[in-house]
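Working notes, beginning with the structure itself.
In this note's numbering, the protein residues as written are 7 to 797.
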């Protein structure tokens with residue numbers, strides 16, 4: 007009972023919402039579901055559109071629709087971006103064939119037959135299903151993934167979040183984790199890929215992401231006046247006009263007025279019409295034209311002598327999951343008039359009905375191809391503002407401004423023109439044979455996709471019409487029917503995706519494809535591969551490289567070696583000098599004289615080790631230029647310091663020799679020649695022994711210095727080895743941590759999937775029980791009724 011009351015209250019609430027919405031009438035209460043249509047938001051190069059009615063291709067442009075089984079093909083060096091009203095985005099690269107299979111508030115189903123595509127799911131309430139010739143991908147909310155679809159294989163990469171891939175050949179479901187290996191599959195086998203994306207493609211997507219980031223940041227003011235499905239389009243309103251509080255129909259309403267137009271500007275003049283699924287669709291030439299000419303209504307205020315745009319008000323769409331709040335998309339809300347060679351259109355007021363072949367917005371009156379609806383009177387409020395041109399210009403050019411007839415008043419229109427519901431042969435005699443009605447510009451198509459491309463398009467159309475509605479519940483339910491495997495068998499090998507461009511000269515479209523010389527190349531060249539980091543921070547894919555650079559810089563700073571004097575190497579203080587008792591000042595001077603040479607040798611040895619280590623660091627991974635410059639500067643400063651120490655010690659030795667007093671006998675005495683001879687002999691032997699002892703002491707000191715140098719060198723080498731091992735082990739440790747996190751995420755997802763299945767099973771069981779109870783109650787009522795009748 008509580009659920010029923012809640013449902014009734016929501017219905018009443020949304021019904022009240024609909025009463026306040028623009029253009030409310032009995033048509034708004036119908037039970038049919040509105041048609042959602044996406045927008046081609048950006049085009050580089052040429053983007054071709056397949057016209058089912060004409061069995062041919064035309065060049066489409068920016069701000070044209072993308073929906074209703076539309077099939078597109080991007081040319082060489084072509085790129086495009088599509089924005090959907092359920093907050094899913096699609097971008098395609100060159101030589102890519104894409105077709106929108108179905109679009110609902112909670113699901114986007116798209117087919118990528120070949121080429122390169124990146125798909126964004128920016129809503130937690132929507133699921134994306136991307137089909138390919140080798141299987142399909144299911145992406146929940148908050149995920150981004152890449153598709154590289156070749157002639158014989160496909161590669162699927164999870165750029166952000168985790169997605170599922172169902173292989174067409176084996177009917178096995180694989181989970182692809184962010185930052186992990188990718189999936190490469192052909193018709194029969196599945197294998198692991200390296201998970202690297204094309205760097206050129208990734209950089210282009212990064213630029214487009216930055217463009218949208220800037221747009222969304224400067225559109226907060228306008229976004230508050232728009233329904234949620236089209237708030238991403240608010241930036242064009244912020245850049246080209248301003249919001250004003252306008253008194254309309256007895257109340258004050260926020261409306262938008264374009265400010266970057268001339269005073270004579272009128273809606274539905276700067277652009278052109280093209281036939282889109284039977285109805286004429288407006289292709290704007292203004293940057294703000296798409297959102298203002300396909301949603302809401304234009305209102306002319308005589309008090310301001312200006313056109314204002316009233317945004318659509320969200321309304322409840324029945325028979326959709328989660329009580330979807332929708333809004334109407336129209337090819338172009340106008341009413342049509344004609345007279346002889348002239349054709350015209352009138353912008354519709356909010357409460358006026360729109361006539362079309364499909365149920366576009368909630369105020370659409372659907373016209374049957376076999377039934378003629380006659381309009382006998384002019385009920386248009388803004389008939390004075392009708393746009394009238396010669397019908398020869400109707401399907402030409404990019405804007406009607408130069409061809410609009412002026413000074414055609416209401417009286418002339420009422421007396422001369424006739425209103426009609428849609429444009430057909432009644433209005434334009436050669437309407438069915440004029441191929442220009444499908445064009446989006448006047449440019450001719452010189453190269454078209456080969457006829458074999460149309461086979462996939464036709465198959466998709468037939469399958470979608472047979473399969474029925476493809477919403478979120480159905481996609482998620484179908485996904486649970488397949489066996490889940492964490493990764494494919496390692497021994498299987500699948501070739502990387504190679505793609506053959508299908509664009510040929512228009513005269514060769516129907517020739518056998520094997521007779522044509524078509525270019526074939528790898529979609530993702532190895533030289534342009536780039537690994538994606540699993541770090542979800544702002545630095546994204548470059549976080550691992552930055553961590554490695556920081557670790558290397560830390561090693562360079564902490565392990566920077568300092569050149570030390572021999573005294574410091576021996577463990578002596580700056581003022582400590584080891585002197586033997588029998589060593590005279592001259593021997594000390596000789597020792598001091600040799601110390602600069604020993605110190606210089608030590609410095610040269612350490613500098614040599616620095617150079618060898620520098621060459622090693624410049625091997626597979628070169629040291630940063632800043633670290634090299636810092637090391638050279640520090641070595642230069644250390645050399646200058648050693649030179650200063652040597653010069654200071656030399657000066658100190660000279661001062662000590664000058665200040666040393668000579669020994670003088672207190673009382674000189676006369677000695678005999680023998681004493682003199684003995685004394686001279688003793689002095690000579692003493693000097694010889696002293697010299698010998700000095701040499702021995704000097705040799706011992708040199709050996710001690712060399713031993714200490716060797717010990718110090720070994721210690722430094724050991725420290726450097728440990729630091730290198732730390733740097734090498736850090737990425738492995740981070741990879742282990744990421745692998746553990748990914749494994750934990752995978753287990754959690756499996757558990758959540760199992761829990762959802764259990765909940766779904768329990769819900770079905772409860773439904774069965776309720777059905778049985780209801781059936782039992784019904785039988786009991788029938789029995790009671792029969793008993794009462796018998797009585």
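Cβ coordinates follow ideal geometry from the N, Cα and C atoms, glycine included. The structure displayed is predicted, hence computed values, not measured ones.
{"Query": "Secondary structure of residue 214, DSSP reduced to three states", "Result": "helix"}
{"Query": "Buried versus exposed, by CB contacts within 10 Å (16 or more), residue 765", "Result": "exposed"}
{"Query": "Whole-Å CB distance - residue 455 paired with residue 508, under 8 angstroms assumed", "Result": "5 angstroms"}
{"Query": "Burial state of residue 80 (16 or more Cβ within 10 Å)", "Result": "buried"}
{"Query": "For residue 396 and residue 204, the rounded distance between their alpha carbons", "Result": "50 angstroms"}
{"Query": "Selected residue, minimal CA-CA separation from residue 275, among 472, 249 and 292", "Result": "292"}
{"Query": "Rounded straight-line distance, which links the Cα of residue 114 to that of residue 477", "Result": "8 angstroms"}
{"Query": "Residue 199 versus residue 152: straight-line alpha-carbon distance, rounded", "Result": "13 angstroms"}
{"Query": "C-alpha distance - residue 344 paired with residue 78, whole-angstrom precision", "Result": "33 angstroms"}
{"Query": "Which listed residue (515, 443, 439 and 482) has its alpha carbon closest to that of residue 458", "Result": "515"}
{"Query": "Limits of the beta strand (DSSP E) - the one that residue 137 falls within", "Result": "133–138"}
{"Query": "Proximity below 8 angstroms, CB of residue 341 to CB of residue 354", "Result": "yes"}
{"Query": "C-beta contact flag for residue 414 and residue 406 at 8 angstroms", "Result": "no"}
{"Query": "Terminal residues of the beta strand (DSSP E) in which residue 309 lies", "Result": "Note, residue 309: premise wrong, no beta strand (DSSP E); not H, not E."}
{"Query": "Which listed residue (524, 297, 216 and 49) has its alpha carbon closest to that of residue 244", "Result": "297"}
{"Query": "Alpha-carbon to alpha-carbon, residue 88 and residue 108", "Result": "14 angstroms"}
{"Query": "Uninterrupted beta strand (DSSP E) stretches inside the segment 464–508 (no shorter than 3 residues)", "Result": "489–491 and 504–506"}
{"Query": "Pair within 8 angstroms by beta-carbon distance, residue 160 and residue 191", "Result": "yes"}
{"Query": "Check whether residue 106 and residue 451 have beta carbons under 8 angstroms apart", "Result": "no"}
{"Query": "Assigned secondary structure, residue 453 (DSSP; H/G/I helix, E/B strand, else coil)", "Result": "strand"}
{"Query": "Delimiting residues of the beta strand (DSSP E) encompassing residue 117", "Result": "113–127"}
{"Query": "Between the CA atoms of residue 46 and residue 385 - distance to the nearest angstrom", "Result": "34 angstroms"}
{"Query": "Beta-carbon proximity of residue 123 to residue 500, cut-off 8 angstroms", "Result": "no"}
{"Query": "Three-state class that DSSP yields for residue 670 in the structure shown", "Result": "Since pLDDT at residue 670 reaches only 40, below the 50 mark, its modelled position is unreliable, and the value read off the structure follows with that caveat. DSSP places residue 670 in coil when its eight states are reduced to three."}
{"Query": "Proximity to residue 804 [Cα-Cα], best of 112, 449, 440 and 716", "Result": "Since the first residue of the chain shown is 7 and the last is 797, residue 804 is not available in this structure."}
{"Query": "Residue 442 versus residue 64 - alpha carbon distance", "Result": "10 angstroms"}
{"Query": "Residues bridged to residue 396 [DSSP beta-bridge criterion]", "Result": "348"}
{"Query": "The segment 236–252 contacting the segment 218–226, beta-carbon criterion three pairs below 8 angstroms", "Result": "yes"}
{"Query": "Per-residue DSSP class, three states only, for residue 77", "Result": "strand"}
{"Query": "Backbone secondary structure at residue 326 - three-state DSSP", "Result": "Note that residue 326 scores 45 on pLDDT, short of 50, meaning its location in the model is unreliable; the coordinates nonetheless yield the value given after this. Of the three classes helix, strand and coil, the one that applies to residue 326 here is coil, per DSSP."}
{"Query": "Ordered list of beta strand (DSSP E) runs contained in the segment 233–264, each at least 3 residues", "Result": "247–254 and 257–264"}
{"Query": "Residue nearest to residue 535 in terms of C-alpha spacing, selected from 351, 209, 486 and 126", "Result": "209"}
{"Query": "Local conformation of residue 427 per DSSP, three classes", "Result": "coil"}
{"Query": "Pairwise C-alpha distance: residue 427 and residue 381", "Result": "7 angstroms"}
{"Query": "Proximity below 8 angstroms, CB of residue 302 to CB of residue 277", "Result": "no"}
{"Query": "Endpoints, beta strand (DSSP E) assigned at residue 152", "Result": "150–155"}
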